[in-house]
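> Residue numbers (our numbering), protein chains in the order written: chain A, 1 to 619; chain B, 1 to 237.
By construction, the Cβ of each residue, glycine as well, lies at the ideal position given by its N, Cα and C atoms.
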Amino acid sequence: MPVRISDEILGQVEKPSRYVGNEWNMVRKDPGSVKARFAFCFPDVYEIGMSHLGMKILYHLLNEREDVYCERVFAPWVDMESIMRREGIPLFAMETRDPVRDFDIVGFTLQYEMSYTNVVNMLDLAGIPIFSRDRGESDPFVCVGGPCAYNIEPLAEIVDFAVMGEAEEVINEVMDIYIKWKEEKAPRREFLHRIATVEGVYVPSFYSVSYTPEGTVSEIRPVSPEYPGRIRKRIIKDLDNAYFPEKIIVPYAGIVHDRVMLEIFRGCSHGCRFCQAGIIYRPVRERTVDGLIERARNLIRNTGYEEISLTSLSTSDYSQLGDLTGRLLEEMEPMKVSLSLPSLRIDSFSLDLMQKAQKVRKSGLTFAPEAGTQRLRDVINKGVNEEDLLKSCSLAFNGGWSNVKLYFMLGLPTETLDDVEGIADLAAKVVAEYKKVPREKRGKGLNVTVSTSCFVPKPFTPFQWEAQDTMDMLEMKQKHLKEKIRGIRQVSYNWHDSRLSFLEAVIARGDRRLGQVIVRAWEKGCKFDGWGDQFKFDAWMEAFDECGIDPAFYANRKRSFDEVLPWDHIDVGVSKKFLKRECEKAYRGELTVDCRLNCTGCGAGVFEGGICVEHRNKG
Amino acid sequence: MSIAIRVKFIRGEEAKYVSHLELIRVFERAVRRAGLPIAYTLGFNPHPRMVFGLPLAVGVTSEAEYADFELAEEMRPEDFMDRLNRQLPAGLKIVEAFVRRGKSNIMADIKGAAYSVVVCAGDMPESVDILKLTEVFLARPKIMAEKETKSGVKEIDIKPMIKKMSVDESFSMGDSEIAGACGNGKMFRFDIETSAGSEANLKPELLFASLGDFAGFRFKVLKVHRTGLFVANDNRD
Ligand code: SF4
Chain A
1 MPVRISDEIL GQVEKPSRYV GNEWNMVRKD PGSVKARFAF CFPDVYEIGM SHLGMKILYH
61 LLNEREDVYC ERVFAPWVDM ESIMRREGIP LFAMETRDPV RDFDIVGFTL QYEMSYTNVV
121 NMLDLAGIPI FSRDRGESDP FVCVGGPCAY NIEPLAEIVD FAVMGEAEEV INEVMDIYIK
181 WKEEKAPRRE FLHRIATVEG VYVPSFYSVS YTPEGTVSEI RPVSPEYPGR IRKRIIKDLD
241 NAYFPEKIIV PYAGIVHDRV MLEIFRGCSH GCRFCQAGII YRPVRERTVD GLIERARNLI
301 RNTGYEEISL TSLSTSDYSQ LGDLTGRLLE EMEPMKVSLS LPSLRIDSFS LDLMQKAQKV
361 RKSGLTFAPE AGTQRLRDVI NKGVNEEDLL KSCSLAFNGG WSNVKLYFML GLPTETLDDV
421 EGIADLAAKV VAEYKKVPRE KRGKGLNVTV STSCFVPKPF TPFQWEAQDT MDMLEMKQKH
481 LKEKIRGIRQ VSYNWHDSRL SFLEAVIARG DRRLGQVIVR AWEKGCKFDG WGDQFKFDAW
541 MEAFDECGID PAFYANRKRS FDEVLPWDHI DVGVSKKFLK RECEKAYRGE LTVDCRLNCT
601 GCGAGVFEGG ICVEHRNKG
Chain B
1 MSIAIRVKFI RGEEAKYVSH LELIRVFERA VRRAGLPIAY TLGFNPHPRM VFGLPLAVGV
61 TSEAEYADFE LAEEMRPEDF MDRLNRQLPA GLKIVEAFVR RGKSNIMADI KGAAYSVVVC
121 AGDMPESVDI LKLTEVFLAR PKIMAEKETK SGVKEIDIKP MIKKMSVDES FSMGDSEIAG
181 ACGNGKMFRF DIETSAGSEA NLKPELLFAS LGDFAGFRFK VLKVHRTGLF VANDNRD
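1) Does the count of Cβ pairs from the stretch 300–316 of chain A and the stretch 337–352 of chain A closer than 8 Å reach three?
2) Could you tell me the alpha carbon to alpha carbon distance between E64(A) and T315(A), rounded to whole angstroms?
3) My output table needs one value for R72(A): the three-state DSSP class, helix, strand or coil.
4) Check each candidate in N381(A), Y59(A), G254(A) and name the one with the smallest Cα separation from F38(A).
5) My output table needs one value for C547(A): the three-state DSSP class, helix, strand or coil.
6) Between V448(A) and the rest of its own chain, which residues show a CB-CB distance below 7 Å, the 5 nearest in sequence each way excluded?
7) Between the stretch 38–57 of chain B and chain A, which residues of the former have CB atoms less than 8 Å from a CB of the latter, in chain order?
8) Is T461(A) close to the ligand SF4? I mean its beta-carbon at under 7 Å from any heavy atom of the ligand.
9) State yes or no: is the beta carbon of V224(B) nearer than 8 Å to at least one beta carbon in chain A?
10) In the DSSP assignment, the alpha helix (DSSP H) including I611(A) goes from what residue to what residue?
11) Considering only C-alpha positions, which residue in the set N151(A), K618(A), I507(A) is nearest to W622(A)?
12) Heavy atom of the ligand SF4 less than 7 Å from the Cβ of A126(A), yes or no?
13) What is the rounded straight-line gap between the Cα of R194(A) and the Cα of G510(A)?
14) I'd like the span of the beta strand (DSSP E) that includes A368(A), first residue to last.
15) Since V163(A) is in the beta strand (DSSP E), which residue starts that stretch and which ends it?
16) Would you mind reading off the limits of the beta strand (DSSP E) that contains W495(A)?
17) Tell me, which residues are paired with R266(A) by DSSP?
18) Nearest by alpha-carbon distance to D44(A): which of D104(A), L61(A), V120(A), R4(A) is it?
19) Would you say A604(A) touches the ligand SF4, meaning its beta carbon is less than 7 Å from a heavy atom?
20) According to DSSP, simplified to helix, strand and coil, what is Y116(A)?
21) DSSP on T216(A), reduced to helix/strand/coil?
22) Return the residue from the list N22(A), K524(A), Y69(A), S115(A) that minimises the CA-CA distance to E546(A).
23) Which residues in chain B sit within 7 Å of W24(A), going by Cβ to Cβ distance?
24) Contact between the stretch 464–478 of chain A and the stretch 280–300 of chain A: three or more CB pairs below 8 Å?
25) Examine chain A for any beta-carbon lying closer than 8 Å to the beta-carbon of V18(B), and answer yes or no.
26) Helix, strand or coil: how does DSSP classify G145(A) here?
27) Tell me which residues of the stretch 286–312 of chain A have at least one Cβ-Cβ distance to chain B shorter than 8 Å, keeping chain order.
28) Please tell me whether, using a cut-off of 7 Å, the distance from the CB of I611(A) to the nearest non-hydrogen atom of the ligand SF4 is below it.
29) Alpha carbons only, please: which of G278(A), G422(A), E169(A), R133(A) is nearest the one belonging to P204(A)?
30) List, in chain order, every chain A residue whose beta-carbon is nearer than 9 Å to that of I94(B).
31) If we call anything under 8 Å between Cβ atoms a contact, is F103(A) one with V3(A)?
32) Would you kindly report the start and end of the unbroken alpha helix (DSSP H) that includes L565(A)?
33) From L299(A) to E246(A), what does the alpha carbon distance come to, in whole angstroms?
34) Determine, for V27(A), whether the minimum Cβ-Cβ distance to residues of chain B falls below 8 Å.
35) Sorted by chain position, which residues of the same chain lie with C-beta nearer than 8 Å to M71(B)'s C-beta, five sequence neighbours on each side aside?
36) For a test of your reading of the model: does the CB of C454(A) fall under 7 Å from any non-hydrogen atom of the ligand SAM? Yes or no.
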């Protein structure tokens with residue numbers, strides 16, 4: 001039975017269109033005619049969730065099947081939630097408004113550690129037991145995927161299973177097994193048993209963890225030899241022929257990325273040592289220009305969107321960028337569809353392209369040198385040098401741009417105050433570059449914004465063993481930089497909340513013992529932690545205290561190379577040996593080349609896809 | 001040859017939470033999906049040439065919305081309507097389309113609007129007769145209301161803006177799906193006609209706030225449905 005959301009309720013909440021659905025291209029099916037119902041949950045509000053490409057792909061992919069109906073579920077904002085709790089309205093799906101607890105499988109995509117309390121909150125609102133051990137025969141299965149699923153240990157007692165890697169193929173295999181299992185009316189555990197051997201599926205309850213007296217993990221192993229000792233992620237080898245939805249939902253209400261997102265490739269070959277995405281999505285696999293043009297054309301025809309955005313981890317790396325953009329611009333001009341090009345490396349080619357694509361809209365340009373000195377940029381393998389950066393700025397200023405954003409990280413391994421000051425020096429040099437441009441050529445009102453985030457060591461990176469700077473240390477560095485920047489007119493400075501980064505660091509490298517802390521924090525009212533006005537740091541600290549867990553053990557402790565890490569049983573292709581080698585090179589300030597140029601032997605070649613195969617074929 | 005088409009459309013329950021700005025975008029995208037030869041503004045940031053009539057508040061349904069479209073090519077209004085209807089999401093539907101001859105656009109043409117309004121009078125004493133109350137309310141030489149403006153609250157006389165106001169006696173609250181929203185109070189449906197448009201605009205909410213001030217108890221507006229828009233000159237053939 002669908003829940004009723006009255007006009008009176010919708011009249012009381014902010015942005016009622018978050019809850020009404022009925023958007024163009026929404027998939028409608030008779031729930032009675034399918035064999036399995038899948039609730040695809042995004043643990044954040046509608047505007048954020050609807051902007052996420054992975055959700056679009058899986059929603060439409062599952063709905064391609066006649067025997068499955070996949071619906072969308074978002075976290076109700078706090079105003080709606082309090083009404084729902086007061087009126088006894090359970091969490092419901094957008095399409096049918098049926099309660100989520102009536103679905104067969106409830107899947108969450110995990111993009112960000114700080115959304116975990118929302119996962120717990122949504123399960124509770126749905127009336128689904130929070131811990132997997134408490135779920136009975138009539139409860140749905142709870143699964144997760146997305147980048148955070150690679151270290152799902154903090155949620156190990158909450159999720160029934162996790163999907164590692166690109167879910168496009170795995171999810172269909174899981175659904176086939178599910179439908180067969182359901183028809184056989186087999187016991188709950190039997191389903192988990194059957195999927196535990198599907199490559200890319202991880203059932204945490206089938207693995208036991210033991211700890212050393214010092215509190216580190218001593219061993220993680222399957223409870224039975226039937227289950228794999230290591231769980232390897234799945235990838236799509238041939239992206240061009242992989243499923244890609246062309247009838248995506250067009251929301252009424254402004255969402256964050258309200259445009260066609262054209263994914264040009266997956267993976268990244270730069271090998272920045274702090275970057276998790278750069279490792280877990282390996283290897284690089286490109287789509288062809290012909291395939292992309294065809295997709296873009298169909299997507300515009302089916303959505304009517306006025307803008308296409310190329311998406312990938314780094315647009316400039318696409319080998320056929322000139323060809324692709326030239327043809328797209330030509331094709332889209334008559335329909336007045338514009339092209340946006342995020343994460344472009346700024347050079348004369350890209351500036352020219354931006355001028356063509358975005359006409360005169362001289363929106364801000366962004367640069368991400370990440371560190372203030374060459375020494376530290378070498379440590380993190382960020383292949384950017386000062387000369388290139390200043391040259392790019394100069395080109396941009398000559399082209400009339402006058403709004404520049406510079407992104408950095410504070411707290412990177414080996415960082416000293418010299419490196420911090422280097423950020424201010426670099427900003428000053430950017431200002432000087434502007435002043436060199438003749439008045440009549442440059443844009444008016446230079447505006448340089450320096451932003452610093454706090455470095456968060458992540459699993460599956462060369463820095464996974466590093467200690468995060470303490471919050472005090474990070475705040476001291478922020479203060480120091482603020483002092484230095486204050487002296488430079490035209491430069492403004494903003495920084496991230498170090499407390500949020502601290503928690504992110506705890507959970508990112510957490511183990512199973514953190515599950516109780518997350519639930520306790522939620523009991524104390526934590527949710528929407530990533531939304532500044534909702535973040536309750538003190539409640540989190542109380543939760544740690546009450547559970548007898550020291551967060552610094554996870555965030556601020558340096559691990560030794562031979563420590564067993566909570567995610568060691570997960571295989572993302574890239575080997576621990578490679579990560580170690582990269583970490584050692586980092587200390588020596590040695591660079592590693594972009595593996596598009598030369599394979600650097602990371603281990604992702606086991607997937608037999610993308611550039612790894614191309615290298616091999618070249619000999 | 002360019003041509004201007006004026007359409008009348010319905011905004012139903014499914015689309016009532018779409019704001020005015022969002023509605024414009026919904027039509028813009030539907031026009032692109034339909035492949036209609038819309039004309040664009042010149043300049044670096046071209047926009048489709050479309051103008052929408054009086055913005056409708058969020059939550060209000062309507063059977064009489066108007067919009068003007070300028071096309072770069074000749075086209076039969078019926079074809080325009082058919083093709084666009086196939087691309088409009090649930091809750092939006094064009095019911096009439098014709099060639100606009102005059103110069104002025106729809107915004108400037110609108111003069112009045114008719115609404116059907118369901119209100120809840122939670123604290124209305126048993127002794128009050130709603131028909132009588134409305135009659136006395138309307139019979140006064142001036143009908144004052146407190147309107148919120150940018151410079152603060154202003155007392156204005158809304159009498160010249162009320163063209164019609166009557167209680168729909170056939171309305172029974174039982175069959176309304178919003179019956180629950182009024183608790184033990186009494187529900188009424190009014191048919192009203194008010195000035196609307198850029199010169200003078202009276203919203204139903206303000207009218208019922210004024211009625212409440214006069215009566216000494218509150219009329220809570222539960223549902224507003226626009227039944228008509230009146231244009232000074234509908235620029236038809
Ligand atoms: S195996 Fe070689 S080419 Fe493939 S991702 Fe790793 S380093 Fe790059």
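Let me spell this out:
1) With the cut-off at 8 Å, the stretch 300–316 of chain A and the stretch 337–352 of chain A touch.
2) One-based indexing of the first sequence puts residue 64(A) at position 64. One-based indexing of the first sequence puts residue 315(A) at position 315. One Cα belongs to E64(A), the other to T315(A), and the distance between them is close to 30 Å.
3) By 1-based counting over the first sequence, the position of residue 72(A) is 72. In this structure, R72(A) counts as strand in the three-state DSSP scheme.
4) What you label residue 38(A) is simply residue 38 of the first sequence in a count that begins at 1. Just measuring C-alpha positions, the residue of N381(A), Y59(A), G254(A) sitting nearest F38(A) is Y59(A).
5) Position 547 of the first sequence, counting from 1, holds the residue named residue 547(A). Looking at C547(A) - three-state DSSP - the assignment turns out to be helix.
6) Position 448 of the first sequence, counted from the first residue, corresponds to residue 448(A). Hits under 7 Å: V404, L406, A427, V430, V431, Q490, V491.
7) Identification of residues in the stretch 38–57 of chain B having a C-beta nearer than 8 Å to some C-beta of chain A yields Y40, F44, N45, P46, P48, given in sequence order.
8) To locate residue 461(A), count along the first sequence from 1; it is residue 461. No - the ligand SF4 has no heavy atom lying nearer than 7 Å to the Cβ of T461(A).
9) For the purposes of this step, residue 224(B) is identified with residue 224 of the second sequence, where counting begins at 1. It does not; no Cβ of chain A falls within 8 Å.
10) Position 611 of the first sequence, counted from the first residue, corresponds to residue 611(A). Element bounds for I611(A): 610–618.
11) What is shown of chain A runs 1 to 619, which leaves residue 622(A) out entirely.
12) Here the question's residue 126(A) lines up with position 126 in the first sequence. Answer for A126(A): no, Cβ out of range of the ligand SF4.
13) Position 194 of the first sequence, counted from the start, is the residue given in the question as residue 194(A). Position 510 of the first sequence, counted from the start, is the residue given in the question as residue 510(A). Rounded to whole angstroms, the gap between the alpha carbons of R194(A) and G510(A) is 28 Å.
14) If you number the first sequence from 1, residue 368(A) lands on position 368. Where A368(A) is concerned, the enclosing beta strand (DSSP E) stretches over 365–370.
15) As a working mapping, residue 163(A) is identified with position 163 in the first sequence. V163(A) -> beta strand (DSSP E) spans 161–163.
16) Sequence index remark: in the first sequence, residue 495(A) carries index 495 (1-based). Element bounds for W495(A): 491–495.
17) To locate residue 266(A), count along the first sequence from 1; it is residue 266. BP columns for R266(A) point to R285(A).
18) Position 44 of the first sequence holds residue 44(A). Out of D104(A), L61(A), V120(A), R4(A), V120(A) has the C-alpha closest to the C-alpha of D44(A).
19) Position 604 of the first sequence, counting from 1, holds the residue named residue 604(A). It does: the Cβ of A604(A) is within 7 Å (strictly closer) of some heavy atom of the ligand SF4.
20) For the purposes of this step, residue 116(A) is identified with residue 116 of the first sequence, where counting begins at 1. Correct three-state label for Y116(A): helix.
21) Here residue 216(A) corresponds to residue number 216 of the first sequence, with the count starting at 1. Residue state, collapsed to three classes: coil.
22) Locating residue 546(A) in the first sequence gives position 546, counting from the first residue. Considering only alpha carbons, the answer is K524(A).
23) For the purposes of this step, residue 24(A) is taken as the residue at position 24 of the first sequence. Within 7 Å Cβ-Cβ: P89.
24) no
25) Along the second sequence, one-based indexing puts residue 18(B) at 18. Chain A contact via Cβ: present.
26) Residue numbering aside, residue 145(A) sits at position 145 when the first sequence is read from its first letter. Strand.
27) I300, R301, N302, T303, G304, Y305, E306
28) What you label residue 611(A) is simply residue 611 of the first sequence in a count that begins at 1. Yes - the ligand SF4 has a heavy atom lying nearer than 7 Å to the Cβ of I611(A).
29) For the purposes of this step, residue 204(A) is taken as residue 204 along the first sequence, with counting starting at 1. Out of G278(A), G422(A), E169(A), R133(A), R133(A) has the C-alpha closest to the C-alpha of P204(A).
30) Within the second sequence, the letter at position 94 stands for residue 94(B). Near I94(B) there are no residues of chain A at all, since even the closest Cβ is about 16 Å away, more than 9 Å.
31) To locate residue 103(A), count along the first sequence from 1; it is residue 103. To locate residue 3(A), count along the first sequence from 1; it is residue 3. In this structure, V3(A) does not lie closer than 8 Å to F103(A) by Cβ.
32) Counting from 1 along the first sequence, the entry for residue 565(A) is found at position 565. From DSSP, L565(A) is part of no alpha helix (DSSP H); its letter is neither H nor E.
33) Position 299 of the first sequence, counting from 1, holds the residue named residue 299(A). Position 246 of the first sequence, counting from 1, holds the residue named residue 246(A). So the alpha carbons of these two residues sit roughly 5 Å apart.
34) In the first sequence, residue 27(A) corresponds to position 27, counting from 1. No, its Cβ sits nowhere closer than 8 Å to a Cβ of chain B.
35) Here residue 71(B) refers to the residue found at position 71 when the second sequence is read from its first residue. Reading the sequence as shown, one finds Leu at residue 71(B) and not Met. Result list for L71(B): S2, I3, A4, I5, L36, P37, I38, A39, F80, in chain order.
36) Absence of the ligand SAM is noted for the structure shown, with the ligand SF4 being the only ligands found.
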